[in-house]
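One structure is given below, encoded as structure tokens.
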Amino acid sequence: MDARLNFFASPIAGKALKYVMSAGKAVKDAPLPAATQELVSLRVSQINGCAVCIDMHTKEAAAAGETSVRLNLVAAWREATVFTEAERAALQLAEEGTRVADAAGGVSDEVWANAAKHYDEEQLTALVLLISFMNMANRLNVISQQPAGDYEPGQFH
991 MDARLNFFAS PIAGKALKYV MSAGKAVKDA PLPAATQELV SLRVSQINGC AVCIDMHTKE
1051 AAAAGETSVR LNLVAAWREA TVFTEAERAA LQLAEEGTRV ADAAGGVSDE VWANAAKHYD
1111 EEQLTALVLL ISFMNMANRL NVISQQPAGD YEPGQFH
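Counting from 991, one number per residue, gives the positions in the sequence shown under my numbering.
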């Protein structure tokens, strides 16, 4: 499969994506646990069907020591016993924040309150930014049909 667009060769993409990558780094450096960031990124990408981001975040998480069991169970996190309550709250927020068109009303007060029990305001801010960022990145990649499979951990960081 060939990508419809080569963002690395496009002058306009280069100008815009340098800011996107800078924003991504700011979120990555936020006080939200790295494991939570990768699990959320992976779940959002699964929902959106973004193969290149699934490839990236699976490999980044594994390189950081995440287990294959947890990575394989992200898609079924509700029934899995391998996630902490905080991770489950983050995954639930990620799902409702990603499925805004499907979930009339967006993120429920119950889901927000559950996340707020586990994360402080800075962490919640990072979580909301990460969910939004991943949805944007997924859409860029899905629309332009970016191929998956060749990502190497650390490639964009």
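Here a beta-carbon is modelled for each residue, glycine too, at the ideal position from N, C-alpha and C.
Asked                                                                                                        : Found
Outcome for E1050 when other beta-carbon atoms lying within 10 angstroms are tallied against a minimum of 16 : buried
Given T1074 as reference, the closest of L995, L1029, A1116 once Cα atoms are compared                       : L1029
Nearest neighbour of L1117, chosen from G1039, V1034, L1063 [CA to CA]                                       : V1034
A1065 versus E1085: straight-line alpha-carbon distance, rounded                                             : 10 Å
7 Å Cβ cutoff met for V1165 and A1138                                                                        : Here the chain has residues from 991 to 1147 only, and residue 1165 is not among them.
Reference S1031, options A1103, I1044, V1097, closest by Cα                                                  : I1044
CB-CB length for A1076 against Y1109, believed under 8 Å                                                     : 7 Å
Cβ pair C1040, N1131 closer than 7 Å                                                                         : yes
Contact belief for Q1082 with A993 at Cβ below 8 Å, rounded distance in angstroms                            : Contact flag wrong, Cβ pair sits at about 32 Å.
Proximity test, Cβ basis, 7 Å: I1133 and chain D                                                             : This model lacks chain D altogether; it includes just one protein chain.
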